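The block underneath contains the structure these notes are about, expressed in structure tokens.
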Amino acid sequence: MLKVVKFGGSSLADAGQFKKVSNIIKADPNRRYVVPSAPGKRNKEDTKVTDLLILAYSHKNEADFEDIFKEIRGRYQAIIDELGMDYSLDEEFAKIHENIKNGIGFDYVVSRGEYLNGLLLANYIGFDFIDAADVIRIDESGAYDDKQTDPLLEKALSEHEYAVIPGFYGLRNDGSNEIQTFSRGGSDVSGSIVAKCSNANLYENWTDVSGFLVADPRIIHKPQAIQTITYAELRELSYMGAGVLHENAIFPVRSVGIPINIKNTNRPQDPGTMIVESTVHRPDHVITGIAGKKGFATVSIEKDMMNSEIGFGRKVLQVFEDYGLSFEHMPSGIDTMTIIVNTKDFVKHEQDVISGIHRAVHPDRIDLESDLALIAVVGRGMKANRGTAAKLFTALAKEKINVKMIDQGSSELNIIVGVRNIYFEDAIKAIYNAFIVEED
Ligand code: ASP
Numbered sequence: 010m011l012k013v014v015k016f017g018g019s020s021l022a023d024a025g026q027f028k029k030v031s032n033i034i035k036a037d038p039n040r041r042y043v044v045p046s047a048p049g050k051r052n053k054e055d056t057k058v059t060d061l062l063i064l065a066y067s068h069k070n071e072a073d074f075e076d077i078f079k080e081i082r083g084r085y086q087a088i089i090d091e092l093g094m095d096y097s098l099d100e101e102f103a104k105i106h107e108n109i110k111n112g113i114g115f116d117y118v119v120s121r122g123e124y125l126n127g128l129l130l131a132n133y134i135g136f137d138f139i140d141a142a143d144v145i146r147i148d149e150s151g152a153y154d155d156k157q158t159d160p161l162l163e164k165a166l167s168e169h170e171y172a173v174i175p176g177f178y179g180l181r182n183d184g185s186n187e188i189q190t191f192s193r194g195g196s197d198v199s200g201s202i203v204a205k206c207s208n209a210n211l212y213e214n215w216t217d218v219s220g221f222l223v224a225d226p227r228i229i230h231k232p233q234a235i236q237t238i239t240y241a242e243l244r245e246l247s248y249m250g251a252g253v254l255h256e257n258a259i260f261p262v263r264s265v266g267i268p269i270n271i272k273n274t275n276r277p278q279d280p281g282t283m284i285v286e287s288t289v290h291r292p293d294h295v296i297t298g299i300a301g302k303k304g305f306a307t308v309s310i311e312k313d314m315m316n317s318e319i320g321f322g323r324k325v326l327q328v329f330e331d332y333g334l335s336f337e338h339m340p341s342g343i344d345t346m347t348i349i350v351n352t353k354d355f356v357k358h359e360q361d362v363i364s365g366i367h368r369a370v371h372p373d374r375i376d377l378e379s380d381l382a383l384i385a386v387v388g389r390g391m392k393a394n395r396g397t398a399a400k401l402f403t404a405l406a407k408e409k410i411n412v413k414m415i416d417q418g419s420s421e422l423n424i425i426v427g428v429r430n431i432y433f434e435d436a437i438k439a440i441y442n443a444f445i446v447e448e449d
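Taken in order, the sequence shown gives residues 10 to 449; the numbers are from this note's numbering.
Here it is in structure tokens:
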């Protein structure tokens with residue numbers, strides 16, 4: 010049995026959190042590889058070390074640089090002092106200071122949060138330290154290069170029984186010897202890669218919530234936690250805005266079938282959420298989760314006899330493609346077709362798109378509306394159940410919420426409904442009540 014454990018920034022924000030993390034690691038000798046983030050926020054008003062590093066980089070030639078640098082140093086020193094460690098990062102800080110002053114790149118600077126935290130944690134728990142720059146390779150766009158990484162990392166891990174490997178960064182894969190990071194929150198990706206390359210049985214991702222919740226707690230008071238979710242369900246929910254895990258974190262482990270367990274550092278006794286490829290665990294409810302987003306626009310196109318015009322859809326979509334716009338959904342009727350897009354991206358090209366569609370397909374009418382919210386009701390349990398749609402729309406109708414769009418994919422994994430922005434919260438409450446509260 011081998012577990013890879015990743016700890017997020019809030020799990021390592023101060024000395025007290027370091028103690029909890031150490032206890033968690035020591036409680037199970039199978040927890041052999043540890044991937045830390047940089048120290049995060051200690052409270053709501055606090056600033057993450059990564060953000061301080063970004064600030065330091067952009068202020069490197071300004072008067073307040075030394076103060077910002079001191080603040081970063083202070084974060085680590087406080088942890089060392091409060092833990093009573095006989096350890097110093099002074100030399101590391103002197104090197105980083107010099108490198109910044111010599112104009113070293115942005116990625117190097119922001120990655121130091123994880124690097125230093127990795128050194129500190131390794132020393133505190135008595136594990137070896139493996140610098141991510143020696144074992145992780147990332148391309149310029151921030152994507153993990155598995156061909157270069159895997160042999161390096163597999164070899165390094167086989168040489169260390171217990172090790173800390175900092176998250177978030179690696180070396181650029183072009184031989185330039187420069188540090189390259191993943192996008193923000195990328196330590197989740199590092200942890201997933203380490204799990205894959207160590208052939209782990211489980212990837213534990215420790216954070217400050219007890220797993221994924223069925224719905225957004227800002228809308229639903231104390232929503233239930235999701236016990237087991239499949240990768241596919243998670244993709245649907247994450248796409249619609251349910252946070253917790255970096256969206257690229259599932260790919261490395263998914264490719265080799267390793268489950269992820271989201272756990273809470275502050276409540277290790279909670280089971281958290283298991284993310285799995287497939288499961289015979291019956292979900293507690295027909296639906297696994299609800300997520301949604303506001304801010305979509307609809308472009309409705311009408312033309313008599315549209316249906317018999319071959320290539321109509323392609324020509325319309327070509328116009329969107331020409332302006333670099335991706336579309337979310339495309340419900341259609343016989344002589345109508347609606348394209349749903351993200352309003353923010355769309356407004357920049359609104360009039361170009363309209364004239365482009367006119368030129369491309371000569372429609373009778375184009376109509377724009379901009380206040381659509383999309384809600385995804387996701388659940389592997391829907392496949393085996395009848396009446397899910399009936400229940401969903403009854404719940405919305407009871408609340409007098411008008412449904413503007415419906416989309417159910419053939420996978421029967423989700424139903425997407427579009428409602429006006431003002432009904433967004435009420436719609437989610439109605440769905441939660443119907444499927445979760447009333448089923449219990
Ligand atoms: N520290 C980095 C961030 O704040 C990466 C991470 O925490 O995963 O984005």
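Note that CB positions come from ideal geometry on N, CA and C, so glycine has one too.
The structure presented is a predicted model; accordingly, all values stated were derived computationally and were not measured.
Three-state secondary structure assigned by DSSP to residue i
{"i": "H106", "result": "helix"}
{"i": "S247", "result": "helix"}
{"i": "Y42", "result": "strand"}
{"i": "N214", "result": "strand"}
{"i": "G83", "result": "helix"}
{"i": "I202", "result": "helix"}
{"i": "A72", "result": "coil"}
{"i": "Q417", "result": "strand"}
{"i": "D331", "result": "helix"}
{"i": "F336", "result": "strand"}
{"i": "M346", "result": "strand"}
6 Å Cβ shell around residue i - same chain, five flanking residues per side excluded
{"i": "G49", "result": "G18, S19, A22 and K57"}
{"i": "T347", "result": "T307, S309 and P340"}
Where the beta strand (DSSP E) through residue i begins and ends
{"i": "T56", "result": "Unbroken run through T56: none, as it is neither H nor E."}
{"i": "G304", "result": "G298 to E311"}
{"i": "E187", "result": "First-last for E187: undefined, no H or E at that position."}
{"i": "Y178", "result": "Y178 to R181"}
{"i": "V426", "result": "N423 to R429"}
{"i": "V285", "result": "T282 to V285"}
{"i": "I271", "result": "I269 to N273"}
Residue i - containing alpha helix (DSSP H), residue span
{"i": "D143", "result": "A141 to V144"}
{"i": "S341", "result": "Here S341 belongs to no alpha helix (DSSP H), and DSSP marks it neither H nor E."}
{"i": "N32", "result": "A24 to K35"}
{"i": "N132", "result": "F115 to I134"}
{"i": "K15", "result": "K15 -> not in any alpha helix (DSSP H); beta strand (DSSP E) instead, spanning K12 to F16."}
{"i": "D155", "result": "D155 to S167"}
{"i": "E378", "result": "Careful: E378 lies outside any alpha helix (DSSP H), inside the beta strand (DSSP E) at R374 to V387."}
Nearest residue (CA-CA) to residue i, options the options
{"i": "R323", "options": "G365, K413 and Y66", "result": "G365"}
{"i": "T190", "options": "V119, H169 and I33", "result": "V119"}
{"i": "Y432", "options": "E337, H367, V370 and G301", "result": "G301"}
{"i": "W215", "options": "T282, A72 and Q86", "result": "T282"}
{"i": "N411", "options": "N430, G418 and D137", "result": "N430"}
{"i": "Q236", "options": "I296, K205 and G266", "result": "I296"}
{"i": "Y248", "options": "V285, F444 and N423", "result": "N423"}
{"i": "V44", "options": "Q233, G304 and Y212", "result": "Y212"}
Classification of residue i by the beta-carbon crowding that lies within 10 angstroms, buried from 16 upward
{"i": "N126", "result": "buried"}
{"i": "H367", "result": "exposed"}
{"i": "H230", "result": "exposed"}
{"i": "E242", "result": "buried"}
{"i": "M115", "result": "Per the sequence presented here, residue 115 reads as Phe, with Met not at that position. So F115 ends up on the exposed side."}
{"i": "N111", "result": "exposed"}
{"i": "S391", "result": "Looking at the sequence itself, residue 391 is Met, so the reference to Ser does not match. Flag for M391 reads buried."}
8 Å Cβ shell around residue i - same chain, five flanking residues per side excluded
{"i": "D217", "result": "G17, S19, S20, N273, T274 and N275"}
{"i": "D183", "result": "D148 and E149"}
{"i": "Y117", "result": "N108, E187 and I188"}
Any non-hydrogen atom of the ligand PLP within 7 Å of residue i CB
{"i": "D197", "result": "For the ligand PLP, the structure offers nothing, since it holds only the ligand ASP."}
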